[in-house]
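Have a look at the structure below before the remarks.
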Amino acid sequence: MAPAGGWPQLKAAVANGADAVYVGLSAFSARARATNFDALQLQEAVKYCHQHDVHLYVALNTLVFQHEFIELVDWIQVCEQVQVDAVIVQDIGLMKLIQAVAPSLKLHASTQQTVSDANGVAFAAQQGATRVVLGRELSLTEIQQIAQQTTTTTELEVFVHGALCVSYSGQCFSSEFQGGRSANRGQCAQACRLPYGLVVDGEWHDLVESYLLSPQDLCGLQHIPQLLHSVSCLKIEGRLKDAEYVAATTRAYRQAVDLAWHESMKKDDSYRAPRQLQHADTSVDRTTLVQLFSRGQDGQHDGLTSGFFQGSRHQELVIGKSPRHRGVYIGQVVQCNPKTGVIQVNVDNEAGIQLKRGDGIVIDRGLAELEELGGPIYEIGKDSHDDTMSYIQFSHKTKVMTELVPPGALIWRTHDAVLEQQMQKLVQAEPPKRTVLLQVEARKDQPLRITVTLPSLDGDEFITAVAESDTVLVPASRTALSKEAIQKAVGTLGNTPFALADHGGMNIELEDDLWCPVSAIKETRRKAIQNLQDELDAKSGATKAKLTSRQQEKSPSSSKQIISQLMDQLKPLATTSIEPQQTMALSVLCRSLEQVDCLCDMIEDDDSAIVDEIIIDFLEVQGMQDAMERIQQVTNRPIRIVLASPRILKPAEDGIWKTLLSLRPDALLVRSPGLLFRMQQLQKAGTVEINGELIPIPPLFGDFSLNVANPLTAFEFLHQGLERITPTYDLNARAISALARTMASPQQLEVVVHAKLPTFHTEHCVFARFLSKGNSYQDCGHVCTRHSVHLRDGNTGADQLVLADMGCRNTVFSAEAQSGVHSLREWQQAGVGRVRIELVDECLEDIRKMVAGYEQVLNGTTKPSVTWEMLQNVRDTNGRISGVSLGSLRNQVERRAGELK
């Protein structure tokens, strides 16, 4: 499946062998900066793709806000009417809306749903997904395990090429916190590509690398044979890329898939013959892909990696020397002549690159803060005594001050004019023709009859068209018709989207001694092909006139009625095991035993009158048990103990949730749809056997990571066994109030009122990469248990804490806390029953002030502004004042697509 950010990319994908393309709409797309498609363009795109035996999927893969449902109803109906093959969806509530509005539309669960195990696949299937896009962080072994453990007919899809987000998709809030540009809304500002410094145990740690969160891109070409046994679809990332990139990557993976099928001899019912591409002799290799787009790092790291296909490889994924495209590595600078501007280059012979006049190059001077230099080569020469040496010179118009280029500087070729011409041929290539079968019947006193047949898109049925000549066949007075003459007249179908099958493509039934004009044969063939084209057009959806009419007849009132009925249908009753509160309740999430001790001391000293729940979110399970025992020692009042589960659970990690349940918490904080599905299954029995002991299933609470952004999503998660939910950080304060007003009970909603936002949640481990030589838990030395690490923002100087969870995933937290203290009264009036303070690395003395400050606002003894001023001076464990802001709670208008960069 290839990406298509616009028409040129779509045509390039089809021409170079894509079986499917995915596009975005002019709204609700995870690539808001792409050109995307309006309704009429979408219809034309579907028609074009279906004509060429290509599926078209629409990516509606963003979170949806409540006020957007009406507009979405119209888009859903457009997708159904023009017969897109499926929609790719992140938002669970949107899945419910699509099923209500357009039940014939197929649903694919986006990678934004953060599916990492078979339970997650089962949850998505339960919501109606026929295909699930797995997280990029899975290994080949894990993908295979998920495929084997998936008991439904749900198809699996994986990304095989393109940019890698350092954070799990659907779990990144960096852009949202820093600039109100939500990655879950298609507005990612790529904060992972910015420079960061490393602070270890409070001390600056010198590194050559500066881009500590910027992964190289994914290239899975070598893993295609293994993937074909586990998944149904291979996906290329890149709806922001140009047509040349789409053409090359599509062709590269088309060739790899066809070769893998051929070599494995796996030609069963699911096998489709290779598409016959124009310019079949033009192959695309890894070097071509590197040249077109790669984030080259050095001579050993060309910018393309296997990602996580081979498991965690922390020393390979993020090198950290450059966040941008640099092309193919050439070699190193030997010396420069400032007078002549000539640069002597030691060319890396292993790369096999021949520099040419006009090639664009860039020179890396070794430090992130130093601007890269470069431009097109004006003159180039070879050393007659050393074939590894070249001499290059720039045009006088190119401002490259050679005195600033040190010996040893690395050189890349960013642009290859010859390759660009080759790629233009691929972009402009004609689409592969669809193979058809022709049946010709020639009988006396009957019209000539031609039947054209081709397989449907799904291959399980055939589309047939028939045409007859205007005249009948008569006895031959001279030369009778022959099969050869008919074959010649029918020809190779000429300038049509169709071609005859290579063997047995035409069957002719011809009675002896008959004649008709050759022109009649050609005309009948033309009519048969046109009739087939008309059949395809009919299957491609409504006519342009009908679609335009439907757009003009849009009725907001009917859309509102659909949404209202659906909300009434899904809205759960106010049934919960949680006791109702007279005032807003307060939970505190602790990430260390010291924080738990501090909070318990406050309660025992009567310095806290409202906190009635402590959430334990630790790295080690042993620490959780100690924390639970400490909380149970509090006698002032009962304190509910909630254990937080990891956001990610992989196929071999069932032991984590079993261990959490074995501690017998009062409730479990569920952070992934997969774990919710597993708990939902266990709830039916009420208990689960762990180590020979029957353990009760506790009440289940949903966390922000489930990405609840609207009432439909909230209602569905409550239906699936959660007793309360926490909305996503993508909602501002006003949107949280709107969501609260739709709840059946205040006890069903908990809002995080204070937190350092978890901006990145990564499989990549910063601890292992920069404090060890290890690639995984097996050889990293567990440095995360011995050191504290902060990432210092290269632009602001703010220190952002990095913590590892029990699954060895890293979370990067914002340096500045986010507070909704000014919204507490509004939220309470709207129906929010509980708020949460999340502790990260605040010093213990200031924790007491924080909790007391919020309680005083809740009980009305202090103004929000007073607590706000206090929060501005809260220190972290390194003694740095982190400050506070509204963060993602700001009530601001989202930027339009045209304003994004």
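Per UniProt numbering, the very first residue in the sequence shown carries number 1; after that it's consecutive. Heads up, the beta-carbon is just placed ideally off N, CA and C, and yes, glycines get one too.
In the DSSP assignment, find the alpha helix (DSSP H) that holds residue i and state where it starts and stops.
i, result
"A247", "A243 to S264"
"S765", "For clarity, residue 765 is Cys in the given sequence; the question names Ser instead. From DSSP, C765 is part of no alpha helix (DSSP H); its letter is neither H nor E."
"D421", "The question names Asp, but residue 421 in the sequence shown is Gln. Unbroken alpha helix (DSSP H) run through Q421: A417 to V427."
"K527", "V518 to K539"
"K356", "Unbroken run through K356: none, as it is neither H nor E."
"G674", "P673 to Q683"
"S390", "Unbroken run through S390 is the beta strand (DSSP E), D386 to F394; no alpha helix (DSSP H)."
What number of angstroms, rounded off, separates the C-alpha of residue i from the C-alpha of residue j?
i, j, result
"L718", "L661", "21 Å"
"Q9", "P3", "7 Å"
"Q226", "A20", "21 Å"
"R664", "P696", "8 Å"
"D53", "T305", "32 Å"
"Q171", "Y854", "27 Å"
"D269", "D258", "Only weak support exists for where D269 lies, its pLDDT of 49 falling under 50; the value from the coordinates is given anyway. Straight-line Cα distance between these residues: approximately 15 Å."
"R41", "L292", "Inspection of the sequence shows that residue 41 is occupied by Gln rather than by Arg. Rounded to whole angstroms, Q41 to L292 spans 28 Å at the Cα level."
"A417", "E371", "24 Å"
"A45", "L56", "8 Å"
"T464", "T288", "41 Å"
"A207", "S232", "For the sequence presented, residue 207 should be read as Leu rather than Ala. Computed Cα separation, rounded: 42 Å."
"V87", "E237", "16 Å"
"V14", "C49", "7 Å"
"H67", "K241", "31 Å"
"L138", "C165", "13 Å"
"L589", "T877", "17 Å"
"I881", "T867", "16 Å"
"W261", "A501", "20 Å"
"K363", "L194", "Here residue 363 is Ile; the residue named in the question, Lys, does not match the sequence. Cα-Cα distance, rounded: 20 Å."
"I377", "S776", "43 Å"
Are the CB atoms of residue j and residue i within a distance shorter than 8 Å?
i, j, result
"D799", "R809", "no"
"G831", "M743", "yes"
"R275", "G303", "no"
"S705", "R678", "no"
"L107", "W75", "no"
"L367", "L404", "no"
"V342", "G408", "no"
"K522", "A467", "no"
"L757", "Y729", "yes"
"residue 903", "E71", "Examination of residue 903 is not possible in this model, given that the chain is present from 1 through 901 alone."
"T114", "Y196", "no"
"V82", "Q43", "yes"
"residue 938", "M584", "An answer regarding residue 938 cannot be provided, because it is not within the stretch 1 to 901 covered by the chain."
"V753", "I837", "yes"
For residue i, collect the residues of the same chain with a Cβ closer than 8 Å to its Cβ; drop the 5 residues on either side in sequence, then sort them by chain order.
i, result
"D513", "P475, A476 and A480"
"F767", "C780, V783, C784, H787, V789, V802, A804 and N810"
"R251", "N16, G17, L277, T282, S283, V284 and L426"
"residue 912", "With the chain represented from 1 up to 901, any question about residue 912 goes unanswered, as that position is not in the structure."
"F701", "V642, A667, L668, L669, V670, L722, E723, R724, I725, T726 and E750"
"F308", "R136, E137, L138, S139, L317 and E763"
"H279", "K425, L426 and A429"
"V518", "A485 and A489"
For residue i, which residues of its own chain have a beta-carbon under 7 Å away from its beta-carbon, when the five flanking residues on both sides are left out?
i, result
"L694", "T687"
"E209", "I319, G320 and K321"
"A122", "T152 and F677"
Assuming residue i is part of the beta strand (DSSP E), what are its boundary residues?
i, result
"S165", "Just to set this straight, residue 165 is Cys in the shown sequence, not Ser. Element bounds for C165: n/a, residue is neither H nor E."
"S587", "A585 to C590"
I'd like to know if residue i contacts chain B, where contact means its C-beta is closer than 8 Å to some C-beta of that chain.
i, result
"L72", "Absent from the structure: chain B. Only one protein chain is present."
Give every residue of the same chain whose Cβ lies closer than 6 Å to the Cβ of residue i, excluding the five residues on either side of it in the sequence, and list them in chain order.
i, result
"T249", "H161 and I236"
"Q99", "G128"
"L221", "A256"
"S888", "E176, F177 and Y729"
"A109", "A124, A129 and V132"
"L228", "A260"
Q. Is it true that the segment 127–143 meets the segment 83–95, where meeting means three or more beta-carbon pairs spaced less than 8 Å apart?
A. yes
Q) Would the segment 559–567 and the segment 626–645 be scored as touching if the rule is three or more Cβ pairs under 8 Å? A) no
Q. Touch check for the segment 843–857 and the segment 583–602: three-plus C-beta pairs under 8 Å?
A. yes
(Q) Does the contact criterion of 3 or more C-beta pairs under 8 Å hold for the segment 856–872 versus the segment 613–633? (A) no
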